[in-house]
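Taking it in order: structure first as structure tokens, then the write-up.
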Amino acid sequence: MSVTAFAPETEARLAVARKVADAVLFEGYVLYPYRASAAKNRLRWQFGVLVPPGWGADCEEHSFQHTECLLEPKAGAALAVELRFLRARRRTVQRAVTGGGFETVSELRLADRVLVPWDEGVEERVTAVVPVADLLAGDVTVAVERPAGTDQETVLDADGRTAGRTVHRYEPLTGRLRLSAAELDGPYRVLRLTAVAENTSDWNPPAGRAADRDAALPRSLVAAHLLLTVDRGSFLSMTDPPQWAKGAVAGCRNLHTWPVLAAEPGRTDVVLSSPIILEDHPAIAPESPGALYDATEIDEILALRTAALTDEEKREARGTDERAAAVIDLADSLPPEVLERLHGTVRGLREATGPNAGAGFPDEHGVPRPDTPWWDPASDAGFDPGHDSVLLDGRPVRAGSRLVLRPGARRTDAQDLFLHGSGATVEAVLHDVDGVVHVAVTLDGDPGADLRREQGRFLYFQPDELAWPKDDD
């Protein structure tokens, strides 16, 4: 990987953002149970895959990412940009043959691991530092060029003898990063910064064959994303801009990526443009024990499941990829105090007592106050569950009506069947968007009825599942 290093002060500005960017780069790289044979690991890389333009218009992936964000530069400002992606390196496995030479095999079984064919991800970076004045003068283009290549690695057995080798093949890859800026009208000096990352590889599927994603991946920029930082100036939040900038933000085009402020909270000099939608100032959970590559899972559960794999499953995982092997070693070595730290972590606390407790509807966490209605009168204009009614045997059923439950007509919930013949009090009559009527009730004699009324948590039945008590007939 050849790349021009940033100045130390630039690297320092990017330090926090890089941790999140690394998580984006490797999200879904290899999923639990971390074996190449697992079905979920046969479709590789779901985020930010920039495919060759010639792969075909029918595919659901794209050859470019288009980022636009707002920048307030100061005099003499310079923009540092880093395009980061993985390059797929295809690995085949060969076994040493008696008498010399090697033969390609589907697996190579060793004492500590089972090597199998696999696409490895090699980190790539393309960097540029451009004065903002140059961006205003016209497009600045940075080339991405990676030649084809092959390398080999000898595999030794437990006794130090040559058991085989792995052959790693790179396909040629070309692309470009186009940067430009335009000053916007208004009382403040604000620039719309545009950054377009493109795959320009001229590869096309073989004639007469349907497009093959597996063949396109080695010629793709995988998990592509951008880091942007300005040395003098600041970026505006695209998620929560100031009032005066909302119109300008709405005019920005972001295709197949989304830019967020990525430095520590309070700083606005770094942006991460990611194919995974993030919030401003994203951060890795401080209690996370290490990279597990599967953010759709809970770290605690994932670590415990990984540690519980059989020895044979762990051997295959270790032979799948070096990063998978690191996950296995991590799960096997986690001390109890680390697992305890993962369990039941609280992200935020708020004051639950005091003179202002409960103020607001809802509160800052989206929790309604206890004294607020459990339905929204503004959005349900024309309906009033507390006063609406529905006819049952020619008589109106409304809040306060006493009925008998007859759930046998529907028979979709076994628990409802146990309530057959129970007395109930109607709390509300509701109409859904399809015009179906639902009657909310509480059970007579239920000691938690008052709590259900306070929370708006009722049992629901349709009119044909209800009957009037016999003494009302």
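Numbering (our numbering), first residue to last: 1 to 473.
Each residue gets a CB set at the ideal place from its N, CA and C atoms; glycine is no exception.
Top-ranked residue by Cα proximity to residue i, from the options
i      : options                           : result
GLU27  : ALA324, ASP416 and GLY394         : ALA324
LEU430 : PRO463, TYR170 and ASN204         : PRO463
LEU261 : PRO282, ASN254, CYS252 and TRP244 : PRO282
ALA12  : THR229, ASN254 and SER106         : THR229
THR268 : ALA467, TRP468, PHE47 and PRO73   : PRO73
VAL49  : ARG146, VAL132, ASP214 and ASP202 : ASP214
LEU83  : ALA5, PRO131 and LEU70            : ALA5
LYS474 : ALA143, LEU227, THR104 and HIS420 : Because the chain in this structure spans residues 1 to 473, residue 474 falls outside the shown range and cannot be described.
THR127 : LEU179, VAL97, GLY160 and GLY164  : LEU179
ARG95  : LEU108, ARG87, PHE85 and ALA248   : LEU108
VAL181 : ASP139, LEU391 and PRO407         : Note that residue 181 is Ala in the sequence shown here, rather than Val. The shortest C-alpha separation from ALA181 is found at ASP139.
ALA285 : GLY76, VAL155 and ALA23           : ALA23
ASP432 : VAL116, ALA449, GLY421 and ASP388 : ASP388
GLU124 : VAL441, ARG87, LEU110 and VAL116  : ARG87
GLN46  : PRO206, PRO53 and LEU25           : LEU25
SER237 : PRO385, VAL190 and ASN204         : VAL190
ILE276 : PRO259, VAL270, ALA291 and GLY266 : PRO259
GLY76  : THR67, ALA39 and ASP231           : ASP231
LEU14  : PRO242, VAL271 and ASN204         : VAL271
ASP240 : LEU255, GLU279 and ASN204         : GLU279
GLY100 : ARG161, ASP311 and GLN455         : ARG161
PRO206 : ARG91, GLY54 and GLY408           : GLY54
GLU61  : THR10, LEU221 and ASP311          : LEU221
THR150 : GLU103, ARG91, VAL97 and ALA137   : ARG91
GLY408 : GLU465, ALA399, ASP384 and LEU391 : GLU465
8 Å contact criterion, which residue i and residue j should meet: CB distance rounded
i      : j      : result
ARG453 : GLU427 : 6 Å
GLY423 : ASP444 : 4 Å
GLU120 : ARG89  : 5 Å
LEU184 : SER201 : Actually they are not in contact, since the Cβ atoms of LEU184 and SER201 sit about 35 Å apart, beyond 8 Å.
VAL93  : PRO117 : 6 Å
ALA467 : ARG406 : 5 Å
LEU79  : VAL30  : That pair is no contact at about 34 Å.
ALA331 : ALA303 : 5 Å
Burial state of residue i (16 or more Cβ within 10 Å)
i      : result
ALA250 : exposed
LEU193 : buried
VAL397 : buried
PHE418 : exposed
LYS470 : exposed
GLY360 : Its pLDDT being 43, under 50, GLY360 is placed unreliably by the model, and the measurement read from it follows with that caveat. Classification for GLY360: exposed.
TRP244 : exposed
LEU156 : exposed
SER106 : exposed
CYS59  : exposed
ASN41  : buried
PRO33  : buried
PRO362 : Low confidence applies to PRO362: its pLDDT is 47, below 50, so where it sits in the model is not reliable enough to give any reading.
GLN65  : buried
LEU43  : exposed
HIS365 : Because the pLDDT of HIS365 is 45, which lies under 50, any placement of that residue in the model is unreliable, and the number read from its coordinates should be weighed accordingly. It counts as exposed.
ALA308 : exposed
ALA158 : exposed
PRO370 : Caution is warranted here: a pLDDT of 48 is assigned to PRO370, below 50, making its placement in the model unreliable, and the coordinate value is therefore given only provisionally. With fewer than 16 Cβ atoms within 10 Å of its Cβ, PRO370 is classed as exposed.
PRO242 : exposed
Contact under 8 Å by Cβ, residue i with residue j
i      : j      : result
SER333 : GLU198 : no
ARG35  : THR320 : yes
GLU264 : VAL16  : yes
ARG253 : ASP112 : no
THR257 : SER273 : yes
THR425 : ARG402 : yes
PHE461 : VAL439 : yes
GLY175 : VAL144 : yes
ARG169 : GLU153 : no
ALA224 : PHE85  : yes
VAL404 : GLY421 : yes
LEU70  : ALA195 : no
PRO335 : ARG219 : no
ALA526 : LEU110 : The shown model of the chain, from 1 to 473, leaves out residue 526, and the question about it has no answer.
VAL142 : LEU115 : no
GLU171 : ALA137 : no
Beta-bridge partners of residue i, as assigned by DSSP
i      : result
LEU115 : LEU108
TRP258 : SER274
GLN65  : ALA197
VAL397 : VAL390
VAL142 : LEU177
ALA17  : Note: ALA17 sits in no beta bridge, so no partner.
LEU83  : VAL126 and LEU226
GLY423 : VAL404
CB contact below 8 Å: residue i versus chain D
i      : result
ARG113 : Of the protein chains in the structure, only one exists, and it is not chain D.
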